[in-house]
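Chains as they are written, first to last, in this note's numbering: chain V, 3 to 444; chain E, 3 to 444.
1. Whole angstroms is fine: what's the gap from residue 390 of chain V's alpha carbon to residue 337 of chain V's?
2. Assuming residue 1 of chain E contacts residue 134 of chain E (C-beta within less than 8 Å), just tell me the rounded distance between them.
3. So, does the stretch 130-144 of chain E touch the stretch 248-255 of chain V, judging by three or more C-beta pairs under 8 Å?
4. With a threshold of 8 Å between beta carbons, is residue 303 of chain E in contact with chain V?
5. Rounded to the nearest angstrom, what separates residue 319 of chain V and residue 205 of chain E at their Cα positions?
6. Whose Cβ in chain E lies nearer than 7 Å to the Cβ of residue 300 of chain V?
7. Opposite residue 372 of chain E in the DSSP bridges: which residues?
8. By the 10 Å Cβ neighbour count, where 16 or more other Cβ atoms means buried, how is residue 17 of chain V classified, buried or exposed?
9. Quick check for students: name the residue ranges of the alpha helix (DSSP H) that lie wholly in the stretch 404-434 of chain E, counting only runs of 4 or more.
10. Examine the Cβ distances between the stretch 98-118 of chain E and the stretch 266-282 of chain V and report whether three or more of them are shorter than 8 Å.
11. Which residues in chain E sit within 7 Å of residue 164 of chain V, going by Cβ to Cβ distance?
12. Which value, in whole angstroms, describes the spacing of the CA atoms of residue 162 of chain E and residue 274 of chain E?
13. Check residue 274 of chain V in the structure and name its three-state DSSP category.
14. Three or more C-beta pairs closer than 8 Å, one from the stretch 56-65 of chain E and one from the stretch 399-419 of chain E: is that the case here?
15. If you reduce the DSSP assignment to three classes, tell me which class residue 2 of chain V lands in.
16. Give the DSSP bridge partners of residue 335 of chain E, in chain order.
17. If residue 171 of chain V and residue 437 of chain V are in contact, beta carbons under 8 Å, what's the gap, nearest whole angstrom?
18. Report yes or no: do the stretch 262-271 of chain V and the stretch 295-302 of chain V share at least 3 C-beta pairs separated by less than 8 Å?
19. Please list, in chain order, all residues of the same chain as residue 125 of chain E whose beta carbon is under 8 Å from its beta carbon, the five residues on each side excluded.
20. Can you tell me whether residue 381 of chain E is helix, strand or coil according to DSSP?
21. What residue does the alpha helix (DSSP H) around residue 104 of chain E start on, and which one ends it?
22. Classify residue 149 of chain E: buried if its beta carbon has 16 or more other beta carbons within 10 angstroms, exposed otherwise.
23. Residue 91 of chain V: which of V:235, V:229 and V:202 sits nearest, CA to CA?
24. Just curious, the alpha helix (DSSP H) that residue 255 of chain E is in, first and last residue?
25. Do you know whose CA, among E:424, E:74, E:440 and E:435, lies nearest residue 188 of chain E's CA?
26. Looking at the unbroken alpha helix (DSSP H) that takes in residue 346 of chain E, where does it start and where does it end?
27. Are the beta-carbon atoms of residue 145 of chain E and residue 82 of chain E separated by less than 8 Å?
28. On the three-pair Cβ rule with 8 Å, is the stretch 366-374 of chain E touching the stretch 427-442 of chain E?
29. Count Cβ pairs between the stretch 178-186 of chain E and the stretch 210-227 of chain E that sit closer than 8 Å; are there 3 or more?
30. Just reading off the alpha helix (DSSP H) that residue 443 of chain E is part of, what are its end residues?
31. Report yes if the C-beta of residue 199 of chain V is less than 7 Å from at least one heavy atom of the ligand GTP; otherwise report no.
32. For residue 394 of chain V, does the three-state DSSP call read helix, strand or coil?
33. Just to make sure I have the definition right: I need the residues of chain E whose C-beta is within less than 7 Å of the C-beta of residue 167 of chain V. Which are they?
34. Between which two residues does the beta strand (DSSP E) holding residue 296 of chain E run?
35. Which chain E residues sit within Cβ distance under 9 Å of residue 257 of chain V?
36. In three-state terms, what does DSSP make of residue 133 of chain E?
What follows is the structure, given as structure tokens:
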């Protein structure tokens, strides 16, 4: 590594083996399969750039010396998105974290800015992020757009890949003379959700939503079907402005710690909700129509030591269960449009408590649909894939969380083609996060 | 009327015959059929209350003396909603126009407050009305919730009748001893869109949306099908926060005056758009995908002498055409969910320029759909109903704008039942806007 060290002179480097191992991991260990595959993988050197120019310096060195190059945001991904499969250099973006500007309806951030910091700053001007992952407190803006897909807010604002969800990305290419490329419009797809395989995202411009005061609510139901129909009807009620609509089948709520007494009644399926202030009565009336009861209602607030409702939802649901029971893993699935509720109910009846239904309601392609992060009692790979096959008979498709391969997440073909074509120019030596894009490897 | 005058002593009264006729009219004359039926109908006396107590005084007097009692807001309705069919007293709400309070996400207004004033005040606190009719500059808050259904904003926030779209209504009953009743939750349906037949709405509490900076855009298309598919796809793009998505077939744009040179190219079908700032590139890319071009892009602003884009849309479309051509009328129709675009294209092909397609895209029951206010070259009633029958073969249903009967607007049965039951208590003598609710008359 002498030539590399020389080329990186003046930069902040980390090469202690313990730190290298620690900082080369994300939350892939939710998956027993990924755990086997990725445990022990680590970068050979971590660089902590403080300016885009330093990212350019690293990219040039890696291109010249043919060293693999990965990027680390908050390391909150669940699929080993940032785990270096072939060692090399890992850029830790923690210091590239400035908010460049916030104006009415838009903000621009360096990739390493934490979502929490970005959101808080935006709120000070009356704005907020349209959507964020349940890892809002740890994740970075860049990590979210490179490794995420949707989140808290998607019930109204849709997916990250929808036109308008990201306004611009600035990427550094991995060439001997790296270029800075500003992507806008449809070109954003070249680097969005590419796990950093097509360029190093250094700046992100996001649309901001006006900041609502949000109310957190939990609705509880005896009957799972009623809970599922309520969650769908709630998302379809355009008069209620929502940020969260998450359905959890009993006994999932049994794993949740830290909510108010009585919020999660024994044996009840629950729907966790964030609604803009003023919508409380509308939610309550709709819950009553579905024989449900409101068991929690409180203003949303961010405070150290206080767990917001969204930290029980999305990928945090599995985490909360894993804190209590290590024999748990999860699936991630996409539902058939229009018949998603029927499929959800059928899957709940098919597996009972072995596959605990957990669905996140969201807008997808203009429809109300849900995706599911089912929590599964893990008894072996064979049974896990058998469950997947049975779900498929209900029209429920896997978006495989047990794979670190980009294309296994169900990327649409046009977007995968676009990324492959862009990678030929932006990473001619195939050094960026190697092994993740199967089309490149093939 | 001596006893009535005595009972109304101290109130501001209007009884000059010319003023009575002028102020008893709305925009029903869009319809040649309503024009024949309603021309000449007028109140016998107009009262201009300055406080809710004065409304109570009038209601008590009318109940005791069995005098019909109607309410006038901005008189911008199109179906004779406020036209007194049987004379009597008309309450002109123009002086009951205070904004009671505005707080984060909510505002409460006296019924006679103009939407423009309410919206402007809300904007000063960073909020705005979620939706308004194209008559925003003239219409009142009370008139909108009593006689309106949707409007500019419905493409994201749905219909007025959706849970959460109205937070509370305060109504005065028409009894010898009138009661003040606060309606919340599902009870709002008792007075919402009831044309004032079930109570006199004196206060309205509305949810407010955070105020976005909006951009007005026009996209123009050679092919009508492409324009229709674009308008639907635009509404379905959850990443673009929209306020308006209105499709007008050529030659409708020929009637529009006052837009910038080149905004409405000869022979082109257009889509009029309001999108939150930052979404311009997303709209542009989507238009290009559909072989369309952006022909206007400017910030939305309200200024005397400047016509905002929304004043070419919704019910204003017909008005703009009527300013140029008196032989025009219109229809109002609802489209089949899921196949609305196909039905729209088929209807355009069926009639050509005789029935100029005009569709307002909106959320309805959680789906993207459109309603249409087709502009029709009127050649007689018989042909008009023949057109309606032919539209019905395409699954396009009439929401009859040529009738002043409440139920002809396609009220859902549960809501009509609720209103009838409430009217038995709130208007036992059947004096409120008599002749409009056919279930009561029957």
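Ideal Cβ positions, reconstructed from N, Cα and C, are used throughout, including at glycine.
Treat the numbers as computed from the prediction; the structure is a model and nothing was measured.
On the basis of the supplied data:
1. By 1-based counting over the first chain, the position of residue 390 of chain V is 388. By 1-based counting over the first chain, the position of residue 337 of chain V is 335. One C-alpha to the other measures close to 13 Å.
2. Nothing about residue 1 of chain E can be reported from this structure: the residues present for chain E run from 3 to 444 only.
3. When Cβ pairs closer than 8 Å are counted between the two stretches, the stretch 130-144 of chain E is seen not to touch the stretch 248-255 of chain V, the count staying below three.
4. As a working note, residue 303 of chain E is residue 301 in the second chain. Not one chain V Cβ lies under 8 Å of residue 303 of chain E.
5. Start at 1 with the first residue of the first chain, and residue 319 of chain V comes out as number 317. Start at 1 with the first residue of the second chain, and residue 205 of chain E comes out as number 203. Here the alpha carbons of residue 205 of chain E and residue 319 of chain V stand approximately 43 Å from one another.
6. Locating residue 300 of chain V in the first chain gives position 298, where the first residue counts as 1. When 7 Å is used as the limit between beta carbons, residue 300 of chain V is near no residue of chain E, the shortest such separation being about 16 Å.
7. The residue labelled residue 372 of chain E in the question sits at position 370 within the second chain. E:363.
8. As a position in the first chain, residue 17 of chain V is number 15, starting the count at 1. Residue 17 of chain V should be labelled exposed.
9. Segments of the alpha helix (DSSP H) lying fully in the stretch 404-434 of chain E: 415-428.
10. Because the criterion of three Cβ pairs below 8 Å is met, the stretch 98-118 of chain E and the stretch 266-282 of chain V touch.
11. As a working note, residue 164 of chain V is residue 162 in the first chain. Under a criterion of Cβ atoms nearer than 7 Å, the residues of chain E adjacent to residue 164 of chain V are, in order, 239, 240 and 241.
12. As a first step, residue 162 of chain E must be located in the second chain, where it is residue number 160. As a first step, residue 274 of chain E must be located in the second chain, where it is residue number 272. Pairing residue 162 of chain E with residue 274 of chain E, the inter-Cα distance amounts to about 22 Å.
13. Stepping through the first chain from its first residue, residue 274 of chain V is reached at position 272. Here residue 274 of chain V sits in strand by DSSP.
14. Too few Cβ pairs lie closer than 8 Å, so no.
15. In the structure as shown, chain V starts at 3 and stops at 444, and residue 2 of chain V therefore has no counterpart that could be examined.
16. Translated into positions along the second chain, residue 335 of chain E becomes position 333. Under DSSP, residue 335 of chain E forms a beta bridge with E:374 and E:400.
17. Sequence index remark: in the first chain, residue 171 of chain V carries index 169 (1-based). Sequence index remark: in the first chain, residue 437 of chain V carries index 435 (1-based). For residue 171 of chain V against residue 437 of chain V, the beta-carbon gap comes to about 23 Å, at or over 8 Å, which does not count as contact.
18. Taking 8 Å as the limit for Cβ pairs, the verdict is that the stretch 295-302 of chain V does touch the stretch 262-271 of chain V.
19. The residue given as residue 125 of chain E occupies position 123 in the second chain. So the list reads 213, once near-sequence residues are dropped.
20. Counting from 1 along the second chain, the entry for residue 381 of chain E is found at position 379. If DSSP states are grouped into helix, strand and coil, residue 381 of chain E belongs with coil.
21. Counting from one through the second chain, the residue named residue 104 of chain E turns up at place 102. No alpha helix (DSSP H) holds residue 104 of chain E; the beta strand (DSSP E) holding it covers 101-105.
22. Numbered from its first residue, the second chain carries residue 149 of chain E at position 147. Burial call: buried.
23. On the first chain, residue 91 of chain V is found 89 positions in, with the first residue counted as 1. Closest option to residue 91 of chain V, Cα to Cα, is V:202.
24. Residue 255 of chain E sits at position 253 when you count from the first residue of the second chain. Here residue 255 of chain E belongs to no alpha helix (DSSP H), and DSSP marks it neither H nor E.
25. Locating residue 188 of chain E in the second chain gives position 186, counting from the first residue. The shortest Cα separation from residue 188 of chain E among E:424, E:74, E:440 and E:435 belongs to E:424.
26. Taking the first residue of the second chain as position 1, residue 346 of chain E is located at position 344. Under the DSSP assignment, residue 346 of chain E falls in the alpha helix (DSSP H) whose first and last residues are 342-353.
27. As a first step, residue 145 of chain E must be located in the second chain, where it is residue number 143. As a first step, residue 82 of chain E must be located in the second chain, where it is residue number 80. Contact annotation: residue 145 of chain E and residue 82 of chain E have beta-carbon atoms that are not nearer than 8 Å.
28. Proximity of the stretch 366-374 of chain E to the stretch 427-442 of chain E falls short of the contact definition, fewer than three beta-carbon pairs being nearer than 8 Å.
29. Here the stretch 178-186 of chain E does not lie against the stretch 210-227 of chain E, with fewer than 3 beta-carbon pairs under 8 Å apart.
30. Working through the second chain from its first residue, we reach residue 443 of chain E at position 441. For residue 443 of chain E, the enclosing alpha helix (DSSP H) begins and ends at 440-443.
31. No copy of the ligand GTP occurs in the structure displayed, which carries no ligand at all.
32. Along the first chain, one-based indexing puts residue 394 of chain V at 392. In the structure shown, residue 394 of chain V sits in a helix (DSSP, three-state: H, G or I).
33. Translated into positions along the first chain, residue 167 of chain V becomes position 165. What residue 167 of chain V touches in chain E: 241.
34. Against the second chain, residue 296 of chain E aligns to sequence position 294. Per DSSP, residue 296 of chain E belongs to the beta strand (DSSP E) from 294-301.
35. Counted from its first residue, the first chain places residue 257 of chain V at position 255. Correct list: empty, because the minimum Cβ distance to chain E is about 31 Å.
36. Looking up residue 133 of chain E in the second chain gives position 131. Note: residue 133 of chain E maps to coil in three-state DSSP.
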